[in-house]
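**Student:** End of the sequence shown sits at 517 in the working numbering; the numbers just go up one at a time, nothing left out.
The structure that follows is given in the form of structure tokens.
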Amino acid sequence: MPDLKTLEAWFVTGSQHLYGEETLREVAAHAAEIAAALSASEAIPLTVVCKPVQTTAESIRALCLEASASANCVGVIAWMHTFSPAKMWLPGLRSLTKPLAHLHTQYNRALPWNSIDMDFMNLNQSAHGDREFGYLATRLGMNRKVIVGHWRDGEVQERLATWLRAASGWHDSQHMRIARFGDNMREVAVTEGDKVEAQARLGYSVHGFGVGDLACAVSQVSDAEVARLASEYDDCYDVAKELRPGGPRRQSLLDAARIELGLRGFLKAGNFQAFTDTFEDLRGLSQLPGIAVQRLMSEGYGFGAEGDWKTAALVRTMKVMSAGMNGGTSFMEDYTYDFGSSSTVLGAHMLEICPSIAAERPSVEIHPLSIGGKADPVRLVFTAPSGPAVVASVVQIGNRFRMVLNEIDVVQPEQPLAKLPVARAVWIPRPDLATAAAAWIYAGGAHHTGFSQALNTEHMADFAEIADLEFLCIDRNVRLREFRNELRWNEVAYQMKRS
């Protein structure tokens, strides 16, 4: 998982030479103070770097090209301290390929009513300088986030932090590599897609491998390495008696540890940040990777089951965006419903739910899987804690990629799930199960999702804006008639955008 503080956001302030050198020196000092305060804020996850005040078209273009080429810069935060004629920003903004946030603030919080004069007015012109900048960005059709308020306000810093996390996720996706072991589950539609289009639009690349390649890596793991990892399992989790040293099924735990070591080594050697597998293609493996996938996800890898590379990429991006936050993020699947009094969703998968969302110390268990035709797989079993969360899906809808998001409230199971030995989360969708499920189905959302109790709707909406994804939110205010109209209007908008 990347350390977000090693990444940078460039704070770029606009002005012009009309007001004289003394004014420009004050502008530069104010900009440096604001950037330093933002960078030092506990809310801001990245390093905010103050760049020189921009006053000419040539310097602006050079800075935007530099930002676009920088390996550490995830985006640009723009602020116009004085009036900065926007035509000189045009060549730079047209060349900028990094995400853009427009911070509409001013240095002073309150007006000095008794002493305000024209010198003060000439220096503090954000109220109309930022509107000039905003006009040009709108005319250029630039996706960006506009944040309004005083730079010291906690709400302003939180909104900027949200965008910075989204920009970090986008930055990571530009060099994300996904290993795909086998193909997708046969005859499944939603896990298919255009991998070339995804790379062109979203940055990440998908690389296919035969399961035999993974099996070869697994076979090369030494017994000593396996023993050390099995001992780590014993220390970190509540291991079922039959899997403990001397237990009748200890060998299954050793086999699972060998798979984890081989899989981790394969991913590291290929510089992969996400991966997929499928239970229909396991030749050469003794069991479907369960605990291996779960633990790798907890380290920051993205994962998608049944060859679902789009969800693997989404989970990785959500992992990066939520780095250092409270609450976990995982691959998830809407598995089954309770249409009784609670109207809840039981979310789970066969095995592969990340322990970052566990409410308690996970147990290590072994049980039959019933499908896949392999030995019983070892897995971590736990339940997610109560609280708000989001589930999101990225699907390809003909000419575009679409993100569908549902705000949910995780609750505890009404009764013990003694015979369901998988990791799980139970939730109530907003506004209710019937409305949320209908809206999700109308939108074409997948059954696989990224689940997070760290991120919220604004994080995901900001990422969708940066990535130019169509974004559909199902929250407590959604109404099916209006939601279906939104789908129709979006279809027209995207068809017009293509033409």
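Note that the Cβ used here is the ideal one computed from N, Cα and C, for glycine as well.
When the Cα atoms are used, what is the spatial distance from residue 493 to residue 301?
**Tutor:** For this step, residue 493 is matched to residue 475 along the sequence shown. For this step, residue 301 is matched to residue 283 along the sequence shown. If you take the alpha carbons of residue 493 and residue 301, they lie about 43 angstroms apart.
**Student:** Measure the CB-CB distance between residue 308 and residue 369 and report whether it falls below 7 angstroms.
**Tutor:** Here the question's residue 308 lines up with position 290 in the sequence shown. Here the question's residue 369 lines up with position 351 in the sequence shown. Yes, the pair counts as a contact, with Cβ atoms nearer than the cut-off.
**Student:** By alpha-carbon positions, which one of 192, 89, 509, 73 ends up nearest to residue 481?
**Tutor:** As a working mapping, residue 481 is identified with position 463 in the sequence shown. The shortest Cα separation from residue 481 among 192, 89, 509, 73 belongs to 192.
**Student:** Report the rounded CA-to-CA distance for residue 212 versus residue 434, giving the unit in angstroms.
**Tutor:** Your numbering for residue 212 matches position 194 in the sequence shown. Your numbering for residue 434 matches position 416 in the sequence shown. Distance between the alpha carbons of residue 212 and residue 434: 42 angstroms.
**Student:** Run the CB neighbour count on residue 102, radius 10 Å, all protein chains shown included, and call it buried at 16 or more, exposed below.
**Tutor:** By 1-based counting over the sequence shown, the position of residue 102 is 84. It is buried - the Cβ of residue 102 has at least 16 other Cβ atoms within 10 Å.
**Student:** Residues in its own chain within less than 8 angstroms of residue 225 by CB, not counting five upstream and five downstream?
**Tutor:** Here the question's residue 225 lines up with position 207 in the sequence shown. Only 195, 196, 197, 198, 288, 290 meet the Cβ criterion.
**Student:** Below 8 angstroms, how does it come out for the stretch 271-279 and the stretch 242-251: are there three or more Cβ pairs, yes or no?
**Tutor:** yes
**Student:** Which word fits residue 503, buried or exposed, when buried means at least 16 other C-beta atoms lie within 10 angstroms of its C-beta?
**Tutor:** Residue mapping note: residue 503 aligns to position 485 of the sequence shown, counting from 1. Burial call: exposed.
**Student:** Identify the continuous beta strand (DSSP E) that holds residue 350 and give its terminal residues.
**Tutor:** Position 332 of the sequence shown, counting from 1, holds the residue named residue 350. 347-356 is the span of the beta strand (DSSP E), which, as asked, contains residue 350.
**Student:** Pairing CB atoms from the stretch 27-37 with CB atoms from the stretch 62-70, are three or more of them under 8 angstroms?
**Tutor:** yes
**Student:** If I measure Cβ to Cβ from residue 217 and keep anything under 6 angstroms in the same chain, skipping five residues before and after, which residues do I get?
**Tutor:** Residue mapping note: residue 217 aligns to position 199 of the sequence shown, counting from 1. Excluding positions up to five away in sequence, the list reads 223.
**Student:** Could you pull the start and end residues of the beta strand (DSSP E) that residue 211 belongs to?
**Tutor:** As a working mapping, residue 211 is identified with position 193 in the sequence shown. Taken as a continuous stretch (DSSP letters only), residue 211 belongs to no beta strand (DSSP E), as it is neither H nor E.
**Student:** For the structure I just gave you, are there three or more beta carbon pairs, one from the stretch 329-348 and one from the stretch 465-477, closer than 8 angstroms?
**Tutor:** yes
**Student:** Are the Cβ atoms of residue 423 and residue 443 separated by less than 7 angstroms?
**Tutor:** In the sequence shown, counting from the first residue as 1, residue 423 sits at position 405. In the sequence shown, counting from the first residue as 1, residue 443 sits at position 425. Not closer than 7 angstroms, so no.
**Student:** Spatial neighbours of residue 34 within its chain, please: CB distance less than 6 angstroms, with the 5 preceding and 5 following residues excluded, ordered by chain position.
**Tutor:** By 1-based counting over the sequence shown, the position of residue 34 is 16. Once the five neighbours on either side are set aside, the close Cβ partners of residue 34 are 73, 102.
**Student:** Compute the distance between the beta-carbons of residue 109 and residue 75, then report whether it is under 7 angstroms.
**Tutor:** Counting from one through the sequence shown, the residue named residue 109 turns up at place 91. Counting from one through the sequence shown, the residue named residue 75 turns up at place 57. Taking the C-beta atoms as reference points, residue 75 is found nearer than 7 angstroms to residue 109.
**Student:** Buried or exposed: where does residue 139 fall if 16 or more other Cβ atoms within 10 Å of its Cβ makes it buried?
**Tutor:** Taking the sequence shown and counting its residues from 1, one reaches residue 139 at position 121. Answer is exposed; the Cβ neighbour count stays below 16.
**Student:** Flag this pair as yes or no: are the beta carbons of residue 383 and residue 479 separated by less than 7 angstroms?
**Tutor:** As a working note, residue 383 is residue 365 in the sequence shown. As a working note, residue 479 is residue 461 in the sequence shown. No.
**Student:** Considering only the alpha carbon of each residue, which of 312, 408, 417 lies closest to residue 373?
**Tutor:** Position 355 of the sequence shown holds residue 373. Considering only alpha carbons, the answer is 312.
**Student:** Cα-Cα, which of 60, 113, 144 is closest to residue 127?
**Tutor:** Within the sequence shown, numbered from 1, the residue matching residue 127 stands at position 109. Of the candidates 60, 113, 144, the one whose C-alpha sits nearest the C-alpha of residue 127 is 144.
**Student:** With 16 other CB atoms within 10 Å as the buried threshold, where does residue 153 fall?
**Tutor:** Walking along the sequence shown from the start, residue 153 turns up at place 135. Classification of residue 153: exposed, given that the 10 Å Cβ count is below 16.
**Student:** Taking all protein chains shown into account, decide if residue 129 is buried (16 or more other Cβ within 10 angstroms of its Cβ) or exposed.
**Tutor:** Start at 1 with the first residue of the sequence shown, and residue 129 comes out as number 111. By the 10 Å Cβ count, residue 129 comes out exposed.
**Student:** Drop a sphere of 10 angstroms on the beta-carbon of residue 36, count the other beta-carbons inside from all chains shown, and report buried for 16 or more, exposed for fewer.
**Tutor:** Here the question's residue 36 lines up with position 18 in the sequence shown. With fewer than 16 neighbouring CB atoms inside 10 Å of its own CB, residue 36 falls in the exposed class.
**Student:** List, from N- to C-terminal side, the alpha helix (DSSP H) runs of 4 residues or more that fit wholly inside the stretch 213-241.
**Tutor:** 213-220, 229-237
**Student:** Does the beta-carbon distance from residue 401 to residue 326 come in below 7 angstroms?
**Tutor:** Mapped onto the sequence shown, residue 401 falls at position 383. Mapped onto the sequence shown, residue 326 falls at position 308. It is not a contact, given that the beta carbons lie outside the stated cut-off.
**Student:** Taking the straight line between their C-alpha atoms, what separation do you get for residue 298 and residue 188?
**Tutor:** Translated into positions along the sequence shown, residue 298 becomes position 280. Translated into positions along the sequence shown, residue 188 becomes position 170. C-alpha separation (whole angstroms): 32 angstroms.
**Student:** Spatial neighbours of residue 310 within its chain, please: C-beta separation below 6 angstroms, excluding the five flanking residues on both sides.
**Tutor:** Taking the sequence shown and counting its residues from 1, the one referred to as residue 310 is at position 292. Counting only Cβ-Cβ distances below 6 angstroms, and skipping sequence neighbours, we find 277, 278, 281.
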